[in-house]
Amino acid sequence: MKTPAAAQRILDTLERDYPDADTELHYENPYQLLVATILSAQATDAGVNQVTPELFRRYPDARALARADREKLEALIHSTGFFRQKAKSLLGMAAALVERHAGAVPADMAALTALPGVGRKTANVVLGHALGVPGLPVDRHVLRVANRIGLAASDDPEEVEQQLCERLPPSRWTRCSDVLILHGRRICKPTPDCAHCSITKDCAYYHSARRDSPAPRTARGRSAKKAAQRPSQRRP
DNA sequence: ATCCCGAGGG
DNA sequence: CCCTCTGGAT
Numbered sequence: 174m175k176t177p178a179a180a181q182r183i184l185d186t187l188e189r190d191y192p193d194a195d196t197e198l199h200y201e202n203p204y205q206l207l208v209a210t211i212l213s214a215q216a217t218d219a220g221v222n223q224v225t226p227e228l229f230r231r232y233p234d235a236r237a238l239a240r241a242d243r244e245k246l247e248a249l250i251h252s253t254g255f256f257r258q259k260a261k262s263l264l265g266m267a268a269a270l271v272e273r274h275a276g277a278v279p280a281d282m283a284a285l286t287a288l289p290g291v292g293r294k295t296a297n298v299v300l301g302h303a304l305g306v307p308g309l310p311v312d313r314h315v316l317r318v319a320n321r322i323g324l325a326a327s328d329d330p331e332e333v334e335q336q337l338c339e340r341l342p343p344s345r346w347t348r349c350s351d352v353l354i355l356h357g358r359r360i361c362k363p364t365p366d367c368a369h370c371s372i373t374k375d376c377a378y379y380h381s382a383r384r385d386s387p388a389p390r391t392a393r394g395r396s397a398k399k400a401a402q403r404p405s406q407r408r409p
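The first sequence runs 174 to 409 under this note's numbering.
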């Protein structure tokens, strides 16, 4: 695994590659970012951006959201996926904000993750982008990219968060997450586009010959099990 | 067909 | 640890 100095050098390069890193995350207040982040699970930015204006017009704060009609809320956020539990999360979260925090968003990891629908990743997003508290959100992109380039070595998001935080000053935590996410989305995808990557020189994954494999992708692992229990039409 | 800017529940 | 929930992108 990389030393802190090497890690920071790699981050320097990536930050230059992605100057637009957290453009999508500038909402008017922590409440809006919290709501948008909950909606963003398994959804596209475009999908979230499509519903948030109307959402924030109807429910401008936690008090309004707590009083929302469940079915209207579900209909409004339907296109972002997982709409039933997202609606449930939003209603429960808004109620908890009103009851426990006078309608404000607490700048505290424990208080945030105690809210319904808010996990560590969401909490770190809100802390880092809206509350001025250093936080390093670890999603699947961060997990994958950090492991490939040796910034971390674990499949556990919380461990990866810790390993990254140990190598960087708190002032860089949030931006580290942002650029790793963008790199993971644009270049270092599950099947990576190494030809357009600026840090292959420092990447163990690139040098491991697993890159650029033609991706034969036959059924294996968990997929094999699913395929077995569903013997759908096979072409002879 | 498969994967995902997650979190809760069993 | 495993499953589920949903739409959209690839």
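Where a beta carbon is used, it is the ideal one built from N, C-alpha and C, also for glycine.
Fair warning: this is a prediction, and the values are worked out from it, not measured in the lab.
Residues near residue i in its chain [Cβ-Cβ closer than 7 angstroms; skip 5 each side]
{"i": "T286", "result": "G292, R293 and A296"}
{"i": "L249", "result": "V224, E227 and L228"}
{"i": "Q205", "result": "F229"}
{"i": "L337", "result": "L309, A319, L324, A325 and C349"}
{"i": "P279", "result": "L285"}
{"i": "I360", "result": "D366, H369 and C370"}
Inter-residue spacing [alpha-carbon to alpha-carbon] between residue i and residue j
{"i": "V335", "j": "A179", "result": "The sequence given here places Gln at residue 335; Val does not occur at that position. Roughly 17 angstroms between the two C-alpha positions."}
{"i": "I372", "j": "R321", "result": "11 angstroms"}
{"i": "Q223", "j": "A216", "result": "11 angstroms"}
{"i": "L147", "j": "K374", "result": "The structure shown does not extend to residue 147, since the chain spans only 174 to 409, so no value can be given for it."}
{"i": "P387", "j": "E247", "result": "A caution first: P387 carries a pLDDT of 40, below 50, which makes its placement in the model too unreliable to give a value."}
{"i": "H199", "j": "E339", "result": "27 angstroms"}
{"i": "A368", "j": "Y232", "result": "45 angstroms"}
{"i": "T364", "j": "C370", "result": "13 angstroms"}
{"i": "R408", "j": "E201", "result": "Reliability of the predicted coordinates at R408 is poor, the pLDDT of 32 falling under 50, and the value obtained from them is presented with this limitation in mind. Using only the alpha carbons, I get a separation of about 54 angstroms."}
{"i": "G172", "j": "L187", "result": "The structure shown does not extend to residue 172, since the chain spans only 174 to 409, so no value can be given for it."}
{"i": "G301", "j": "A214", "result": "18 angstroms"}
Presumed contact (8 angstroms Cβ cut-off) between residue i and residue j, rounded CB distance
{"i": "A235", "j": "G276", "result": "4 angstroms"}
{"i": "A319", "j": "L353", "result": "6 angstroms"}
{"i": "L263", "j": "V221", "result": "Actually they are not in contact, since the Cβ atoms of L263 and V221 sit about 13 angstroms apart, beyond 8 angstroms."}
Close Cβ partners of residue i (< 6 angstroms) along its chain, the five nearest in sequence each way excluded
{"i": "Y191", "result": "V352 and L355"}
{"i": "T210", "result": "T295 and V298"}
Beta-carbon proximity list for residue i, same chain, < 8 angstroms, skipping 5 on both sides
{"i": "K175", "result": "I183, I322, G323, L324, R340 and D375"}
{"i": "G290", "result": "I211, Q258, K259, K261, S262, L263, G265 and M266"}
{"i": "E331", "result": "R293 and V311"}
Tell me, please, whether the region 228-246 touches the region 267-275 by the rule of three or more beta-carbon pairs shorter than 8 angstroms.
-> yes
Take every Cβ of the region 294-313, pair it with every Cβ of the region 344-358, and state whether three or more of those distances are shorter than 8 angstroms.
-> yes
Can at least three beta-carbon pairs, one atom from the region 241-254 and one from the region 310-321, be found at a separation below 8 angstroms?
-> no
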